[in-house]
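Peer 1:
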Amino acid sequence: VSTALAGTGDDAVTRATSADQVDDQLTELYTAHYRSLVRLAAFLTGDRDNAEEVVQDAYVKVHGSWRGLRDPAKAEAYLRTTVVNLSRSRLRRRQVAAKHRAEPLLDVASAESSAMRTVQREAVLHALQQLPQRQREAVVLRYYGDLSEAQTAAAMGCSAGAVKSHTSRAMTSLRPLLEDRS
Amino acid sequence: MTTPPLGPEDRLAALLREQAETVVPAGDGLARIRTRVAARRRARWFLIPSAAVATGLAAVAVLVLQGPDDKSSLRQVTAPSPSTSATATEQPSPSPEPSANPQPSATPVPGVSPQPSTSATRPATSAFVPAIWPFASHAQVEAWRADQSSKPWAGDNLGVAQHFVTDYLKLTGVHLVQSCLSCDVVSIVNSDGRDVGTIGLVREDDGWPRAYSVSTVTYGSGFQVTSPTEGAAIRSGTTVSGTIVGVDENIPIALMTQDGRTIGTAATPAGSGRPWSTTLTWTDDNWYTGALVLKTYSPKDGVIDRLIVLRVTRGT
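Top line first, the protein sequences correspond to chains A and B.
Counted the way our numbering counts, the first sequence spans residues 13 to 194.
Counted the way our numbering counts, the second sequence spans residues -16 to 299.
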């Protein structure tokens, strides 16, 4: 099972006091999570070009507020929540700016062993982007991020029950596309 | 022994992981983050000049970030606070200041508060539109990209706003408040805690690093310029008119070039909700992009309390 976002453990980050220590912690966070967070943002925004910018914003934000963190060991969760929130903001802006413009969402990889599988993946990814935002966040955090319901709830700023509900509804929409066609 | 069939959740997880592999971040993410962090550090602290320390002026930079939600974040930077009134400490412009000094003669009407016309959560503008300072054109941005040493802060929205206030407008005793990191709107707040104006920034994305430039400063319906309009081409003898509510004011007006020269000044009495109007003349035509700068001052303590900066161009 992938632990793309599930983290490397709270003890990976300890309280930093000096600017240099904060910078070091930032570098650690970058090494451990940057790639997976960019991918998360790409899923959440449907825009891989801006995903990196969203995640960089999140890192800068976390860096700036480091001393205000009640528990620096939670920096990873804080970072993830910030990415979710910034993705929402980015999505909202883009939707307003290009309400009627059809934009390419996530590209679908061309190198695929099975044409059927490619079609299926494309259909699922397309359906994923059509989901209501909260449902999309829930399934991406749960199944790409491999987060528990509680972790997902924390990242989304909602209850675990709401996560369960969003996930269930999302899966109801996606399930027909996820049937085993092999 | 056979592998149990995957459920839809497993298949979705596999598909998402597979798709995620196609998203490959560029290798310079950390460098970009560090650059931005450094720019913000400079933006926060450059306002602590040794001269200010030597003269006992308080200079404080405060960063308040409360929680991970973008909307809950607040960045506040305080400029050196003068020990005397703001009018006495305003630094002289390269050219003479407006001929009429502010002479407020009435007290503010209770309940009239600033109403910035620009939303505090206005998103970044990705396309570069004409702006005032430090860049008025794509060519100027490109020149900066080639050599960033003179304006290392130009890639940071708050840094640009700060330098605009201190270097271009030469205001002191005010501080800036930015509601979120990504927002390109920064409020100017005076020592009384009142909003003086809202700086609007634009961002040039057609290259790296991104560059910010100030496009406007607005106050809201309580103080507006109705003529000329933003970006208008004006000639000497142009009529500047507008409206102001709440107080009787003497409004000084200055025409500043992009390089910071004040080439024309005027003043007009105004107030009681009546439209005001005056004629602005100048002789120096060696400019293209400029700004009309209009200020009012608090009758109570003389600090700046309203500000408009309107982009104009030289008419032919």
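All residues carry an ideal CB built from backbone N, CA and C; glycine is no exception.
If you draw a straight line from the alpha carbon of E134 of chain A to that of V20 of chain B, how long is it in whole angstroms?
Peer 2: Taking the straight line joining both Cα atoms gives about 38 Å.
Peer 1: Using a Cβ-Cβ distance cut-off of 8 Å, determine whether E40 of chain A contacts chain B.
Peer 2: Judged by the 8 Å Cβ criterion, E40 of chain A is not in contact with chain B.
Peer 1: Please classify V7 of chain B: is it buried, with 16 or more other beta-carbons within 10 angstroms of its beta-carbon, or exposed?
Peer 2: It is exposed - the Cβ of V7 of chain B has fewer than 16 other Cβ atoms within 10 Å.
Peer 1: Can we say the region 217 to 233 of chain B touches the region 250 to 268 of chain B, given the rule of at least three CB pairs closer than 8 Å?
Peer 2: A contact exists between the region 217 to 233 of chain B and the region 250 to 268 of chain B.
Peer 1: How do the region 39 to 46 of chain A and the region 87 to 99 of chain A stand: do at least 3 beta-carbon pairs fall below 8 Å, yes or no?
Peer 2: With the cut-off at 8 Å, the region 39 to 46 of chain A and the region 87 to 99 of chain A touch.
Peer 1: Compare the C-beta of A3 of chain B with all C-beta atoms of chain A and state if any pair is closer than 8 Å.
Peer 2: Yes - at least one Cβ of chain A is within 8 Å of the one on A3 of chain B.
Peer 1: List, in order along the chain, the chain B residues whose C-beta lies closer than 8 Å to that of R133 of chain A?
Peer 2: By Cβ distance, chain B contributes L(-2), E1 and Q2.
Peer 1: Does the separation of the CB atoms of D167 of chain B and L184 of chain B fall below 8 Å?
Peer 2: Taking 8 Å as the Cβ cut-off, D167 of chain B and L184 of chain B qualify as a contacting pair.
Peer 1: With DSSP as the reference, label A35 of chain B as helix, strand or coil.
Peer 2: Residue placement at A35 of chain B cannot be trusted, given a pLDDT of 35 that sits under 50; the coordinates are not used to answer.
Peer 1: Could you check if R257 of chain B is buried or exposed, using at least 16 other CB atoms within 10 Å of its CB as the buried criterion?
Peer 2: Exposed is the call here.
Peer 1: Give the single residue among A:V131, A:Q132, A:T130 and A:S177 whose Cα lies nearest to the Cα of E149 of chain A.
Peer 2: For the residues A:V131, A:Q132, A:T130 and A:S177, the minimum Cα distance to E149 of chain A belongs to A:S177.
Peer 1: Examine chain B for any beta-carbon lying closer than 8 Å to the beta-carbon of L190 of chain A, and answer yes or no.
Peer 2: Closer than 8 Å: yes.
Peer 1: Please list, in chain order, all residues of the same chain as T240 of chain B whose beta carbon is under 7 Å from its beta carbon, the five residues on each side excluded.
Peer 2: Contacts found: I246, W270 and G273.
Peer 1: Could you tell me whether the Cβ of G12 of chain B comes closer than 8 Å to any Cβ of chain A?
Peer 2: Judged by the 8 Å Cβ criterion, G12 of chain B is in contact with chain A.
Peer 1: Compute the beta-carbon to beta-carbon distance between V34 of chain A and V66 of chain A, rounded to the nearest angstrom, for a pair I have assumed lies under 8 Å.
Peer 2: Incorrect: roughly 21 Å between the Cβ atoms, too far for contact.
Peer 1: Give a yes or no on whether 8 Å exceeds the smallest Cβ distance from R148 of chain A to chain B.
Peer 2: By this cut-off, R148 of chain A is not an interface position.
Peer 1: Which word fits W259 of chain B, buried or exposed, when buried means at least 16 other C-beta atoms lie within 10 angstroms of its C-beta?
Peer 2: It counts as buried.
Peer 1: Given 8 Å as the limit, is there contact between the region 191 to 211 of chain B and the region 130 to 142 of chain B, that is, 3 or more CB pairs closer than that?
Peer 2: Verdict: yes, contact present.
Peer 1: Mapping DSSP to helix, strand and coil, what is T181 of chain B?
Peer 2: T181 of chain B: strand per DSSP, three-state reduction.
Peer 1: With DSSP run on the structure shown, which of helix, strand or coil describes D35 of chain A?
Peer 2: Reduced to three states, the DSSP call for D35 of chain A is helix.
Peer 1: Buried or exposed, going by whether 16 or more other CB atoms sit within 10 Å of the CB of P75 of chain B?
Peer 2: Caution applies to P75 of chain B, whose pLDDT of 31 falls short of 50 and renders its modelled position unreliable; the value that the coordinates give is listed next. Its Cβ having fewer than 16 others within 10 Å, P75 of chain B is exposed.
Peer 1: Chain A partners of A137 of chain B, CB-CB under 8 Å?
Peer 2: Ordered by position in chain A, no residue passes the 8 Å Cβ test against A137 of chain B, which lies about 17 Å from the chain.
Peer 1: Can you tell me which of the three DSSP states V175 of chain A falls into?
Peer 2: Here V175 of chain A sits in helix by DSSP.
Peer 1: Given this structure, state the Cα-to-Cα distance separating S48 of chain A from I16 of chain B, to the nearest angstrom.
Peer 2: Going from the Cα of S48 of chain A to the Cα of I16 of chain B covers about 16 Å.
Peer 1: According to DSSP, simplified to helix, strand and coil, what is A253 of chain B?
Peer 2: Strand, per DSSP.
Peer 1: Just mark Q142 of chain A as buried or exposed, buried being the case when its beta carbon has 16 or more other beta carbons within 10 Å.
Peer 2: By the neighbour-count rule (16 or more Cβ atoms within 10 Å), Q142 of chain A is not buried but exposed.
Peer 1: Measure how close the beta-carbons of V208 of chain B and D288 of chain B come, nearest whole angstrom, since I'm counting them as under 8 Å.
Peer 2: Contact flag wrong, Cβ pair sits at about 16 Å.
Peer 1: Starting from the beta carbon of H75 of chain A, find every residue of chain B whose beta carbon is closer than 8 Å, and list them in chain order.
Peer 2: Here the neighbours are I16 and V20.
Peer 1: State yes or no: is the beta carbon of V72 of chain A nearer than 8 Å to at least one beta carbon in chain B?
Peer 2: Answer yes: the Cβ-Cβ gap between V72 of chain A and chain B drops below 8 Å somewhere.
Peer 1: Taking all protein chains shown into account, do 16 or more other C-beta atoms lie within 10 angstroms of the C-beta of D268 of chain B, making it buried, or fewer, making it exposed?
Peer 2: Answer is exposed; the Cβ neighbour count stays below 16.
Peer 1: Under 8 Å by Cβ, that's how I've got G190 of chain B and E125 of chain B pegged, so tell me the actual separation to the nearest angstrom.
Peer 2: Indeed they touch by this definition, with Cβ atoms about 7 Å apart.
Peer 1: Can you give the beta carbon distance from L186 of chain A to V136 of chain A, rounded, assuming they're within the 8 Å contact cut?
Peer 2: 6 Å between Cβ atoms; contact.
Peer 1: Whole angstroms is fine: what's the gap from V292 of chain B's alpha carbon to L275 of chain B's?
Peer 2: Cα to Cα, the separation comes out at about 6 Å.
Peer 1: With a threshold of 8 Å between beta carbons, is R186 of chain B in contact with chain A?
Peer 2: Taking Cβ atoms only, chain A never reaches closer than 8 Å to R186 of chain B, which makes this a no.
Peer 1: How many whole angstroms separate the CB atoms of V308 of chain B and L290 of chain B, which I take to be in contact at a CB cut-off of 8 Å?
Peer 2: Outside the displayed range of chain B (-16 to 299) lies residue 308 of chain B, so it cannot be described from this structure.
Peer 1: Less than 8 Å separating the beta-carbons of Q68 of chain A and G10 of chain B?
Peer 2: It is not a contact, given that the beta carbons lie outside the stated cut-off.
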